[in-house]
Amino acid sequence: MGRLTIVICPGAFPLPRIYEPLIEVFNERQHAAICMVQQYHPTSSTQTLPTVNPDSEYLRHSVLDPLLSEGKDIVVFAHSYGGIYAPASLEGTSKQERRAKGLEGGVVAVIPDEEANRLVERLSPQPYYCFTTPAHWDPYHSPAFRGKIG
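Structural data, given as structure tokens:
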């Protein structure tokens, strides 16, 4: 398999620089590692929510597709919220699927694999609506909370 390209899909709040020590470790072991996020997020009202997660689209079109076009072998490392949007970006990207089409490279692993399965089995069931119901109000734009959010 040779050298890998590690794509780190961060959680919702950490900036990519928090992953720099991890990226350095991968680089020391001769594997490229990147952590890229959108520089801005499109706004939408609760009446016009996007049908596809914008983070999934960004990951696929701006991060994975360029690496795949170079024939890279990719490992996807999804942290926290990254585990929500990354899977939707992976359809048709596996090395096996690409090889069947005569293409080089592809996603060879999504980590943590066994560890994720072990931890998922410990989670209590979560209702679907907690991931799909939009927040109808937040304090970030309220004058009552200006200067009081930490």
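Using numbering that gives the first Met the number 0, you'd call the opening residue of the sequence shown number 0 and step up by one each time.
Glycine included, every Cβ here is placed at the ideal spot set by N, Cα and C.
Distance CB(residue i)-CB(residue j) smaller than 8 Å
i	j	result
VAL107	ASP64	no
ALA85	VAL75	yes
SER61	GLY10	no
ILE7	ALA31	no
CYS34	TYR57	no
LEU48	PRO138	no
Beta-carbon proximity list for residue i, same chain, < 7 Å, skipping 5 on both sides
i	result
THR92	LEU63, LEU67, GLY105 and VAL106
VAL36	PRO9 and PRO15
SER55	TYR84, ALA87 and SER88
Backbone CA spacing between residue i and residue j [nearest angstrom]
i	j	result
GLU103	GLU69	8 Å
THR50	ILE22	32 Å
GLU96	GLU90	9 Å
VAL109	ARG59	14 Å
ASP112	ARG98	Legend: pLDDT at ASP112 = 44, less than 50; position of this residue unreliable, no value from coordinates given.
Cβ-Cβ separation, residue j to residue i (assumed contact under 8 Å), whole Å
i	j	result
ARG154	GLN29	Nothing about residue 154 can be read from this structure; the chain reaches only from 0 to 149.
Residues near residue i in its chain [Cβ-Cβ closer than 6 Å; skip 5 each side]
i	result
PHE25	ILE5 and ALA32
PRO142	none
Chain C contact for residue i (CB, 8 Å cutoff)
i	result
GLU19	As a matter of chain content, chain C is missing from the structure shown, which is built from one protein chain.
Spatial neighbours of residue i in its chain, beta-carbon cut-off 8 Å, leaving aside the 5 residues before and after
i	result
GLY81	ILE7, CYS8, PRO9 and GLY10
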